[in-house]
Structures are given as C-alpha cells and as structure tokens.
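Trainee: In the numbering used here, the protein residues as written are 486 to 902.
Virtual Cβ for every residue (Gly too), placed ideally from N, Cα, C.
No experiment lies behind these values; they were computed from the predicted model shown.
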Ligand code: AMP
Ligand code: GLY
C-alpha cells in the first residue's frame with residue numbers, strides 16, 4: 486500500500502484525496518488549516534504552513550507526495566521534498582513558473598508556438614506602457630500582475646477598468662510594487678479548460694471542463710476563484726471542435742517542451758491550460774501548474790484508472806493511458822453571502838440534509854461541535870454525476886438547495902447548452 490503525503494486543504498485536494506483513497510493508498514495530509522472533509526479520510530493530519538519547508542511533517546517513509554495548490558509549488562516545496570528522496574506529483578519551482586510568472590508563460594509560448602499568444606508586452610516602464618497603449622488601443626487592454634493572485638488580479642478595460650486613468654493607475658501601481666506588469670490584448674470568445682497528467686515527457690489529457698469564474702449569473706461581476714464547472718459524458722464540450730481540442734493539445738505539448746528548454750526541468754504533475762476559442766483561433770489565457778479548482782472535482786470524480794497507479798507512472802516517467810467514466814459532471818460552488826466582497830458573511834453555520842446524493846467537496850469551512858461553519862471564502866463544491874449534463878445539473882441544484890445557511894450560489898452553471 487502506498488503511503489502518500491497530500492499537501493493542501495481546498496476542495497481540489499479533497500477531491501484528489503478521495504480519488505487516492507479509492508485507489509487504496511494510506512493518506513496523510515498536511516494543511517494550512519483543517520479541512521474537515523479531507524481530515525475525515527486521512528490517516529494522519531498535520532497542520533502548519535504549506536509554503537514553509539520548516540513546517541512540513543517528517544518525510545520519512547512516504548512513497549510520494551502530491552502537491553495540490555500553487556503556493557507551495559511557488560515556494561519550492563517540491564524541490565525540498567524531492568531532495569529528501571520523496572518523489573513529488575507537482576513540478577519544481579522552476580517549472581512551476583509556467584503558472585507563477587505570467588511573463589515567463591507568455592515568453593515560453595512565444596518561443597514554441599507564438600500563434601497561441603494574444604498580442605502582449607512584458608512592461609517594465611511607463612514608456613513601455615504608453616507604447617503598448619498606442620499599439621493596440623486602451624480599450625483593448627487586459628492588465629495582469631506578474632505573480633500569483635488567486636485568480637483575482639486580472640483587470641480588463643471596459644469591465645474592471647473604465648478609463649485610461651484607472652488602467653494606468655492599476656498598471657503603474659503594479660509596476661511600482663513588483664517592477665513588472667504584463668499587458669495583453671483583450672480576447673473575445675468562450676473559455677475551456679484542458680488538464681493533463683504530465684510525466685516529464687508526455688501529457689495524458691483529461692476530459693474538457695468549462696469553468697465559471699465570474700461571481701454572478703450571466704458571467705457578470707468580479708472574477709472569483711470560480712463558482713462552478715461542468716464536463717460532458719463524451720469528454721468534450723459542445724462549443725469546442727475536435728480540431729480545437731487537438732490544437733490545444735499541440736499547444737500544451739509544445740509548452741511542456743518549452744519549459745524544459747528554458748529551465749532545464751521536466752514538468753511532472755498536472756498541467757492545466759485555460760484556452761479561449763476566438764475568431765483568430767485557439768489562444769492561451771493562462772497556464773496553471775496544478776489541477777483547477779473546481780475542475781479537479783469534475784475529473785477526479787469520474788477517474789476510473791487507479792489514481793495511485795497514475796501517480797506512480799508519472800514518477801516513473803511511464804504514464805500510459807488514463808481512463809475516465811463516460812459520465813457528465815456538474816459542480817456548483819456554495820459560497821457565503823456577500824462573497825467575494827468586503828461584507829462577506831463569515832462564521833455562519835451550515836445545515837446539510839441527509840438526503841444529499843452529490844459528492845460534497847469541502848473548501849473553506851471549519852467544524853465546531855459537529856457543525857460546519859463558513860469562512861469568508863468558497864464553502865462547499867457540490868458535484869453531481871449523470872448520464873447527461875442536464876441530469877447532473879438537476880441533481881447538483883437539488884442538492885445545493887439541501888444545504889442551508891447564509892450562503893449563495895450561481896444558478897446558471899451548465900444552464901445554456
Ligand atoms: P487569468 O488569471 O489569467 O486566468 O485571468 C482571469 C480571467 O480573466 C480569465 O479567465 C479570462 O476570463 C480573463 N482574461 C485573462 N486574460 C484575458 C485576455 N487576454 N483577454 C480576455 N480575457 C482575459
Ligand atoms: N478554476 C480556475 C483555477 O483553478 O485557477
């Protein structure tokens with residue numbers, strides 16, 4: 486039986502943990518704060534910073550570690566653990582730059598498959614900023630902080646920034662703080678997520694997922710960590726052609742080679758590509774060096790191969806085929822009232838009806854006197870499976886209503902198919 490250390494405490498890690506347990510591993514988890522769902526399935530839990538190597542548990546006896554979130558990847562937790570003889574699912578700090586540095590990602594793509602990039606500039610001065618404004622027009626600009634922002638730092642002209650002054654203020658603030666900001670051309674189209682297992686040499690692709698990042702129905706409001714997602718039983722999406730999918734795969738394969746060329750490091754773990762289908766073709770919106778949250782819940786819930794075996798094959802560089810059930814999935818995130826604003830309702834109790842049939846993946850909640858409470862962030866991912874997206878959607882929303890408390894959710898996840 487493999488002894489596995491899973492690092493992280495979100496709903497994504499809860500879903501990965503469930504898949505690992507299903508494949509028969511002995512699960513140990515290391516979390517910043519206790520996730521009661523993940524704790525329940527773990528043999529042992531340690532609580533401490535997931536980004537500070539001094540706070541990690543003793544690594545003796547583990548077959549491998551699975552690093553869930555981006556923050557420990559960014560701080561080199563993989564490098565530390567691997568150097569102590571425990572292989573990791575999760576790239577090292579250098580390879581993880583494909584997520585942790587937006588400029589690195591754009592430059593790698595430019596070197597290996599430039600047509601997958603929007604027009605962009607890595608801006609290091611106000612002169613650069615003005616040059617880019619002139620080139621593509623202020624109304625077509627997206628401003629991106631270079632580093633990690635939990636999906637909340639990207640600002641788009643006409644949505645989050647409404648004048649030249651506002652845009653320049655945001656860009657110059659970032660420039661002053663970090664010395665660099667990435668400006669991109671605003672793309673139009675529908676987004677899709679492609680996740681792949683990566684063994685350093687090859688990618689094995691998972692079912693496509695559509696993610697809903699905006700806070701409110703109709704894709705309005707600020708970007709959040711995500712409010713929900715769905716995947717279809719044929720593992721495709723109705724608006725993504727086979728040709729688009731093949732192109733996305735080609736882009737991700739080229740990127741993996743580009744990462745190796747640029748850093749000398751092999752990418753081992755999960756490579757996540759967020760794409761937009763535009764009139765000019767398929768473009769990369771961003772890369773992540775880990776599973777998406779909630780996209781992990783969609784694919785982990787229908788993984789039919791053994792997750793333990795998949796992980797071992799990644800470590801051995803011998804990935805092979807990975808199988809998924811031919812089921813549709815819909816995930817609806819329950820979030821506290823007021824999320825993602827400053828007046829979010831915290832510490833409110835949730836009552837979960839026994840009749841819930843969906844998988845519940847706990848995100849930012851805590852347990853006190855056998856009751857689950859919200860924090861200021863996303864609370865529970867409600868994941869339903871079905872023969873069709875429609876059937877999965879009906880079940881997910883039925884169950885969402887069976888969780889009572891000061892919470893809200895988007896009512897249009899997977900609605901407009
Ligand atoms: P990111 O953190 O890079 O995924 O950006 C968050 C969200 O901002 C994405 O999911 C898109 O909806 C939007 N976005 C990012 N880059 C662009 C772009 N170049 N054009 C249009 N929308 C974008
Ligand atoms: N669902 C988007 C992300 O995990 O970054």
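Can you list, in chain order, the residues of its chain whose CB lies under 8 Å from that of residue 621, leaving out five sequence neighbours each side?
Mentor: On the chain shown, residue 621 is found 136 positions in, with the first residue counted as 1. These residues qualify, in order along the chain: 604 and 670.
Trainee: Among 737, 880 and 894, which one has its Cα closest to the Cα of residue 820?
Mentor: Your numbering for residue 820 matches position 335 in the chain shown. Closest by alpha carbon: 894.
Trainee: Can at least three beta-carbon pairs, one atom from the segment 831–840 and one from the segment 850–865, be found at a separation below 8 Å?
Mentor: Judged by Cβ distances under 8 Å, the segment 831–840 makes contact with the segment 850–865, as three or more pairs qualify.
Trainee: For residue 842, collect the residues of the same chain with a Cβ closer than 7 Å to its Cβ; drop the 5 residues on either side in sequence, then sort them by chain order.
Mentor: As a first step, residue 842 must be located in the chain shown, where it is residue number 357. Taken in chain order, the residues that qualify are 880 and 884.
Trainee: Residues in its own chain within less than 8 Å of residue 803 by CB, not counting five upstream and five downstream?
Mentor: Position 318 of the chain shown holds residue 803. Contacts found: 684.
Trainee: Could you tell me the distance, in whole angstroms, from the CA atom of residue 602 to the CA atom of residue 759?
Mentor: The residue given as residue 602 occupies position 117 in the chain shown. The residue given as residue 759 occupies position 274 in the chain shown. Cα to Cα, residue 602 sits roughly 12 Å from residue 759.
Trainee: Starting from the N-terminal side, write out each stretch of the beta strand (DSSP E) that is 3 residues or longer and does not extend beyond the segment 693–766.
Mentor: 695–701, 705–716 and 753–763
Trainee: In three-state terms, what does DSSP make of residue 771?
Mentor: Position 286 of the chain shown holds residue 771. Three-state DSSP puts residue 771 in a strand.
Trainee: Considering only heavy atoms of the ligand AMP, does any lie closer than 7 Å to the CB of residue 865?
Mentor: By one-based count along the chain shown, residue 865 stands at place 380. The ligand AMP never approaches residue 865 closely enough for any of its heavy atoms to be under 7 Å from the residue's Cβ.
Trainee: Tell me whether residue 676, by its Cβ, gets closer than 7 Å to a heavy atom of the ligand GLY.
Mentor: To locate residue 676, count along the chain shown from 1; it is residue 191. Flag unset: Cβ of residue 676 not near the ligand GLY.
Trainee: Examine the ligand AMP and report whether any of its heavy atoms sits within less than 7 Å of the Cβ of residue 770.
Mentor: Along the chain shown, read from residue 1 onward, the residue named residue 770 stands at position 285. Under cutoff, so the answer is yes.
Trainee: Please find out if some non-hydrogen atom of the ligand AMP comes closer than 7 Å to the beta-carbon of residue 618.
Mentor: What you label residue 618 is simply residue 133 of the chain shown in a count that begins at 1. Residue 618: no, Cβ never under 7 Å from the ligand AMP.
Trainee: In chain order, what residues of the same chain lie with their CB nearer than 8 Å to the CB of residue 887, ignoring the 5 residues before and after it?
Mentor: The residue labelled residue 887 in the question sits at position 402 within the chain shown. Counting only Cβ-Cβ distances below 8 Å, and skipping sequence neighbours, we find 837, 838, 840 and 841.
Trainee: DSSP beta-bridge partners for residue 513?
Mentor: For this step, residue 513 is matched to residue 28 along the chain shown. Its beta-bridge partners are 490 and 529.
Trainee: If the criterion is Cβ atoms closer than 8 Å, does the pair residue 571 and residue 492 meet it?
Mentor: What you label residue 571 is simply residue 86 of the chain shown in a count that begins at 1. What you label residue 492 is simply residue 7 of the chain shown in a count that begins at 1. No; because the gap between Cβ atoms is not below 8 Å, this pair is not in contact.
Trainee: Looking at residue 603 and the ligand GLY, is the gap between the Cβ and the nearest heavy atom below 7 Å?
Mentor: Here the question's residue 603 lines up with position 118 in the chain shown. Flag unset: Cβ of residue 603 not near the ligand GLY.
Trainee: Please name the residue in 677, 512, 533 and 653 whose C-alpha comes closest to that of residue 779.
Mentor: Position 294 of the chain shown holds residue 779. The residue with the shortest Cα to Cα distance from residue 779 is 677.
Trainee: Hey, residue 788 and residue 809: beta-carbon distance below 8 Å or not?
Mentor: Within the chain shown, numbered from 1, the residue matching residue 788 stands at position 303. Within the chain shown, numbered from 1, the residue matching residue 809 stands at position 324. Closer than 8 Å, so yes.
Trainee: Shortest alpha-carbon distance to residue 865 belongs to which of 896, 818 and 901?
Mentor: Counting from one through the chain shown, the residue named residue 865 turns up at place 380. Minimum Cα distance to residue 865 is reached at 818.
Trainee: Hey, is residue 613 close to the ligand PLP, as in C-beta under 7 Å from one of its heavy atoms?
Mentor: Inclusion of the ligand PLP in the displayed structure is not the case, the ligand content consisting of the ligand AMP and the ligand GLY alone.
Trainee: Please indicate yes or no: does the CB of residue 641 lie closer than 7 Å to some heavy atom of the ligand AMP?
Mentor: Position 156 of the chain shown, counted from the start, is the residue given in the question as residue 641. Yes, the Cβ of residue 641 comes within 7 Å of a heavy atom of the ligand AMP.
Trainee: Taking the CB atoms as reference points, tell me whether residue 635 and residue 553 lie closer together than 8 Å.
Mentor: Counting from one through the chain shown, the residue named residue 635 turns up at place 150. Counting from one through the chain shown, the residue named residue 553 turns up at place 68. In this structure, residue 553 does not lie closer than 8 Å to residue 635 by Cβ.
Trainee: With residue 519 as the anchor, note down where its beta strand (DSSP E) starts and where it stops.
Mentor: On the chain shown, residue 519 is found 34 positions in, with the first residue counted as 1. Run containing residue 519: none; DSSP gives neither H nor E here.
Trainee: Any idea if residue 720 is buried or exposed, counting beta-carbon neighbours within 10 angstroms, 16 or more meaning buried?
Mentor: As a first step, residue 720 must be located in the chain shown, where it is residue number 235. It counts as buried.
Trainee: Is the distance from the Cβ of residue 547 to the Cβ of residue 505 below 8 Å?
Mentor: Along the chain shown, read from residue 1 onward, the residue named residue 547 stands at position 62. Along the chain shown, read from residue 1 onward, the residue named residue 505 stands at position 20. No, Cβ-Cβ distance for residue 547 and residue 505 is not below 8 Å.
Trainee: How should residue 812 be labelled, buried or exposed, when 16 other C-beta atoms within 10 angstroms of its C-beta is the threshold for buried?
Mentor: The residue given as residue 812 occupies position 327 in the chain shown. Of the other Cβ atoms in all chains shown, 16 or more fall within 10 Å of the Cβ of residue 812; this residue is therefore buried.
Trainee: Got a sec? Which residues, its chain only, sit under 6 Å from residue 560 by beta carbon, not counting five neighbours each side?
Mentor: Taking the chain shown and counting its residues from 1, one reaches residue 560 at position 75. Excluding residues within five positions, the ones whose Cβ falls inside 6 Å are 536.
Trainee: Would you call the segment 793–800 and the segment 762–780 touching, i.e. three or more CB-CB distances under 8 Å?
Mentor: no
Trainee: Which residue comes first and which comes last in the alpha helix (DSSP H) that contains residue 583?
Mentor: As a working mapping, residue 583 is identified with position 98 in the chain shown. Unbroken alpha helix (DSSP H) run through residue 583: 582–585.
Trainee: Does the segment 744–751 come within contact of the segment 716–733, defined as at least 3 CB pairs closer than 8 Å?
Mentor: Below 8 Å, too few C-beta pairs join the segment 744–751 and the segment 716–733 to call them touching: fewer than three.
Trainee: What is the rounded straight-line gap between the Cα of residue 538 and the Cα of residue 766?
Mentor: For this step, residue 538 is matched to residue 53 along the chain shown. For this step, residue 766 is matched to residue 281 along the chain shown. Taking the straight line joining both Cα atoms gives about 42 Å.
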